[in-house]
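K.L.:
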Amino acid sequence: MHEAGERRREIRAGTRSAPTGNPRPSSGSTRLQLVITGDDLGMRADWDAGIFDAVQHGVLTSTSVATNGPTYGAAAQALRVGGIDCGVHLNLIHGEPLSPAAGVSSCATRAV
Numbered sequence: 051m052h053e054a055g056e057r058r059r060e061i062r063a064g065t066r067s068a069p070t071g072n073p074r075p076s077s078g079s080t081r082l083q084l085v086i087t088g089d090d091l092g093m094r095a096d097w098d099a100g101i102f103d104a105v106q107h108g109v110l111t112s113t114s115v116a117t118n119g120p121t122y123g124a125a126a127q128a129l130r131v132g133g134i135d136c137g138v139h140l141n142l143i144h145g146e147p148l149s150p151a152a153g154v155s156s157c158a159t160r161a162v
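Just remember that the working numbering sits 50 ahead of the position in the sequence shown, which is counted from 1.
(1) With DSSP run on the structure shown, which of helix, strand or coil describes glycine 132?
(2) Sort out for me which residues DSSP pairs leucine 91 with in a bridge.
(3) Could you tell me how far apart the beta carbons of leucine 91 and threonine 113 are, in whole angstroms, since I believe they sit closer than 8 Å?
(4) Rounded to a whole number of angstroms, what is the C-alpha to C-alpha distance between aspartate 98 and histidine 139?
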């Protein structure tokens, strides 16, 4: 927790880049950037539509996509076309696995 507070202070002071990787203004400006991410893209068509609508209207600035979701293919295509900032939603419990259990046996057989 202490490290996160230190990072925030450095970002505010302009001595560290913001989490988005964009450099902070060095002119002493206190302008903050807010990133609002739409979660679970690729899981349901109605959620996907809402996320893309919110991005188009400036409500969301990014999204995270679940690559094993049932609507991932269509969502990925829309992301490519729209040039939307996107991260990966690590999904370990819903949907079909992307790899066979034999290929990830160290993850699939270990108790959590």
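We put the beta carbon where it would ideally sit given N, CA and C, even for glycine.
Predicted model, so just to flag it, every value in this text is computed and none were measured.
P.N.:
Reading it off the structure:
(1) helix
(2) Val115
(3) 5 Å
(4) 14 Å
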